[in-house]
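Chains as they are written, first to last, in my numbering: chain B, 80 to 174; chain P, 2 to 500.
Everything on this sheet refers to the single structure shown next.
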Amino acid sequence: MQVDEATVRRIARLARIKISDDEAKSLEKELSGILDWVKQLDEVDTAAVEPMTRVVAQKLKMRDDFITDGEIADAVTANAPLVEDHYFVVPKVVE
Amino acid sequence: MTDLTELTMVEARDGLKKKAFTALELTDAFLAAIDKANPALNAFVLQTPEHARAQAQASDKRIVAGNARPLEGLPIGNKDLFCTNGIRTTACSKILDDFKPTYESTVGQNLWDAGAVMLGKLNNDEFAMGSSNETSAFGNVVSPWRRKGKGEKVSTDKLVPGGSSGGSSAAVAAGLCLAATATDTGGSIRQPAALTGTVGIKPTYGRCSRWGIVAFASSLDQAGPIAKTVRDAALMLKAMASHDPKDTTSVDAPVPDYEAAVGNGVKGLRVGIPKEYRVDGMSKEIQKLWDDGIAWLKTAGATIHDISLPHTKYALPAYYIVAPAECSSNLARYDGMRYGLRVSGDNLIDTYEKTRAAGFGKEVRRRILIGTYVLSAGYYDAYYLKAQKVRTLIKRDFDEAWSKVDVVLTPTTPSPAFAFGDKTGDPLAMYLEDIFTVTVNMAGLPGMSVPGGFSSEGTPLGLQLIGKPFDEETLFRTAQVIEDAAGRFTVPDKWWMKG
């Protein structure tokens, strides 16, 4: 068991997902099972191995520094749950 | 008149060219089939008949005017992971609610620019996370295939169509569209294709633009088609692939004419058989499928070579670090503020937490939590970095194999289609569905599934071909040889059309 209930609650908080007491208990088991299983990677010696970054060598693309988009506030806010004059309305953050 | 929904894409294209029927007639035939079949199969989560008819009418004008494009008037289904301008796109998650994108995915736009007609949006596992289409917020997709029952009877047990592109595979197998878009992060094109007797190709990472496709794991996600035949898949991929400045990982290389490669045969082609795929407890029917594939390619003039891909067994555990890590990062955007579902709470954090708890399904929540854990302070090197290093070794295995062989042949899945609920209780059992497909995503290579045989239950099995980076042409010509030998797979009884 790598993951205890306190850890499950901590990562759920980090992930901003509310979990019930029952869920915390079952997640403790499920996550531990999956993390135990991936631990088999420890068998692989990767001391001299670079992490993979891409499939084929490719130069990082550059683009000209000019504006290609914009003036579409209607489109940007079209799907928001709450909007006022092109502003997203969010719960109060600062008292 | 023949049933237009039974045509392949190539046959439909030829029929339109010869003016045997109009694009509108063809579209109407599919719309009628969807109306009839969807209550039983649940392949479409949104039907867009008006949109489809308008596109078909425009296509008919072009055909009459003599300026038809490559896919002119050909009706297809679009996985609900592809953003569609003004048309609801949900990734089959509650969290996107009634999201209507104000833009079109590049792959989608390429298809519409080629003249294709969109019949509607296809079901999939929520955010493409699943191997059975049982995690969709819109419910399960039912495979048109059924097991042999006792005596002459066919079993009425409902089977999964595979996942995550289960709507795509079921719709193509059931004749509800000529072909469909799909995406593949760990096997989500090839596994559903194998389970439904259809053809699916995941091209090389970078071949298709990811722009406008709802992101799951960005270093693995790749779009591709599911189709009825190898040639149809070639036609689709040719239209879908492009270089796109809006996706920096999209590759600036010309897209070959895949259809032209289809008939080239395999004379002198070197086919690799990786010993690590002969897993413990491999069933006799999978073994036979593989042996048949080897024999067909040999007969057609290919040479067969044993190869070793020693890090194969580490691909799946490495995948279940990389994919959840990238998923937790990508899905952080669903905060209930700018689009999608919002569940109000006592304060901002409470609102986030309630929104995400209500909006994400169980499997998606599980993967976000694993991803959050492996990326959290102190664990990054031990998990994500380690997994990315293992990925280098998996890729290196293939790089070495390419000095000996041109293409690799394996089974697509370890077993045939299963019934609903068979694997939902144990996440690890479900993850093992991708054991043969996931290496291909980890190495970024092209992979294709083509029907190769039947299980003892009378359901289809698929053979997988793995190719060198950007060598999809070899996959198409090899797959055609298998299709010629194995034949086309069609469901014997259209039970879903009988209401």
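For every residue, glycine included, the Cβ atom is placed at its ideal position computed from N, Cα and C.
It should be emphasised that the depicted structure is a prediction, and the values quoted were computed from it without experimental measurement.
ask   = Whose C-beta lies closer than 7 Å to the C-beta of P/L290 among residues of the same chain, with five residues either side of it excluded?
value = Counting only Cβ-Cβ distances below 7 Å, and skipping sequence neighbours, we find P412, G453, G454, L462 and L464.
Identity of the residues DSSP links to P/H244 by a beta bridge = Its beta-bridge partners do not exist; DSSP assigns none.
query = Once you ignore the five residues that flank P/V215 on each side, which residues in its own chain have a CB closer than 6 Å to its CB?
reply = Around P/V215: L82 and A92.
request  = Starting from P/P318, follow its DSSP beta bridges and name the residues at the other end.
outcome  = As computed with DSSP, P/P318 is found in no beta bridge at all.
inquiry  = So, at 6 Å on beta carbons, what are the nonlocal neighbours of P/A218 in its own chain, with the 5 sequence-adjacent residues on each side left out?
reply    = Within the same chain, P/A218 has close Cβ partners T186, A324, E327 and C328.
ask   = Are the C-beta atoms of B/G112 and some chain P residue less than 8 Å apart?
value = A Cβ of chain P is located within less than 8 Å of the beta carbon of B/G112.
query = With 16 other CB atoms within 10 Å as the buried threshold, where does P/R334 fall?
reply = Exposed, by the Cβ-count rule.
message = So, at 7 Å on beta carbons, what are the nonlocal neighbours of P/L42 in its own chain, with the 5 sequence-adjacent residues on each side left out?
response = Excluding positions up to five away in sequence, the list reads V142, V143, P145, A171, A175 and W497.
ask   = Do you know whose CA, among P/A261, P/P162 and P/C178, lies nearest P/P417's CA?
value = It is P/P162.
task = Would you kindly check if the distance between the Cβ of P/I77 and the Cβ of P/V118 is under 8 Å?
result = P/V118 places its beta carbon less than 8 Å from that of P/I77.
task = Can you tell me which of the three DSSP states P/K229 falls into?
result = If DSSP states are grouped into helix, strand and coil, P/K229 belongs with coil.
Cβ shell of P/Y206 (< 6 Å), same chain only, five flanking positions each side left out = Sequence-distant Cβ neighbours of P/Y206 in its own chain, meaning closer than 6 Å and more than five residues away, are Q223 and G445.
task = Check the Cβ-Cβ distances between B/F167 and every residue of chain P, and say whether any is below 8 Å.
result = The beta carbon of B/F167 sits closer than 8 Å to some beta carbon of chain P.
Rounded straight-line distance, which links the Cα of B/N158 to that of P/Y344 = Here residue 344 of chain P is Val; the residue named in the question, Tyr, does not match the sequence. The straight-line gap from Cα to Cα measures roughly 15 Å.
query = P/L410 and P/P447: beta carbons closer than 8 Å?
reply = Taking 8 Å as the Cβ cut-off, P/L410 and P/P447 do not qualify as a contacting pair.
ask   = Between P/G121 and P/T49, which are expected to be in contact by the criterion C-beta below 8 Å, what is the C-beta distance as a whole number of angstroms?
value = Taking 8 Å as the upper bound for CB-CB distance, P/G121 and P/T49 are in contact here, some 5 Å apart.
ask   = When you compare each of B/I146, B/F145 and B/Y166 to B/A152 by their alpha carbons, which one comes out closest?
value = Relative to B/A152, the option among B/I146, B/F145 and B/Y166 whose CA is nearest is B/Y166.
query = Between B/A91 and chain P, is there a C-beta pair that is closer than 8 Å?
reply = The beta carbon of B/A91 sits closer than 8 Å to some beta carbon of chain P.
request  = Below 9 Å between beta carbons is the criterion; list the residues of the segment 94-105 of chain B that meet it against any residue of chain P, in chain order.
outcome  = Cβ contacts with chain P: A94, R95, I96, K97, I98, S99 and E102.
query = Do the CB positions of P/M241 and P/N111 come within less than 8 Å of each other?
reply = Going by C-beta atoms, P/M241 is nearer than 8 Å to P/N111.
query = Can you find a C-beta in chain B that's less than 8 Å from the C-beta of P/G168?
reply = In terms of beta-carbon proximity, P/G168 stays away from the interface with chain B, with every pair separated by 8 Å or more.
message = List, from N- to C-terminal side, the alpha helix (DSSP H) runs of 4 residues or more that fit wholly inside the segment 334-421 of chain P.
response = Entirely contained in the segment 334-421 of chain P, the alpha helix (DSSP H) runs reaching 4 residues are, in chain order, 349-360, 363-376 and 387-402.
key: Beta carbon of P/A181 nearer than 8 Å to that of P/I202   = A distance of 8 Å or more separates the beta carbons of P/A181 and P/I202.
message = Could you pull the DSSP bridge partners for B/F167 from this structure?
response = Per DSSP, the beta bridge partners of B/F167 are B/V162.
Chain P contact for B/R142 (CB, 8 Å cutoff) = Judged by the 8 Å Cβ criterion, B/R142 is in contact with chain P.
request  = Give the interface partners of B/A136 over in chain P, defined as CB-CB distance under 9 Å, in chain order.
outcome  = Going along chain P, no residue has its Cβ under 9 Å from B/A136, so there is no contact; the nearest lies around 10 Å.
request  = Could you name the residues of chain P that B/E109 contacts, counting a contact when the two beta carbons are closer than 7 Å?
outcome  = Those within 7 Å of B/E109 in chain P are R367 and P428.
ask   = Where do the ends of the alpha helix (DSSP H) carrying P/Q110 lie?
value = Run containing P/Q110: T107 to D114, per the alpha helix (DSSP H) assignment.
task = Report the rounded CA-to-CA distance for P/N79 versus P/S169, giving the unit in angstroms.
result = Distance between the alpha carbons of P/N79 and P/S169 is about 8 Å.
Interface flag, B/E163 vs chain P, CB-CB below 8 Å = Contact with chain P is absent for B/E163, since none of that chain's Cβ atoms lies less than 8 Å from the residue's Cβ.
key: Residues bridged to P/V451 (per DSSP)   = P/L464, per the DSSP bridge assignment.
inquiry  = Here's the rule: buried if 16 or more other CB atoms are within 10 angstroms of the residue's CB, otherwise exposed. What is B/L139?
reply    = Exposed, since its Cβ has fewer than 16 Cβ neighbours within 10 Å.
Nonlocal neighbours in the same chain, by C-beta distance under 7 Å from P/S137, ignoring five residues either side = If you ignore the 5 residues before and after P/S137, its C-beta comes within less than 7 Å of the C-beta of C93, N124, N125, D126 and E127, all in its own chain and listed in chain order.
B/E150 at chain P interface by Cβ criterion, 8 Å = No, its Cβ sits nowhere closer than 8 Å to a Cβ of chain P.
task = Taking only the alpha-carbon atoms, compute the straight-line gap between P/R339 and B/P160 and give it to the nearest angstrom.
result = In a straight line, the C-alpha of P/R339 is about 7 Å away from that of B/P160.
key: Below-8 Å beta-carbon distance, P/G264 vs any chain B residue   = False, the Cβ-Cβ gap to chain B never drops below 8 Å.
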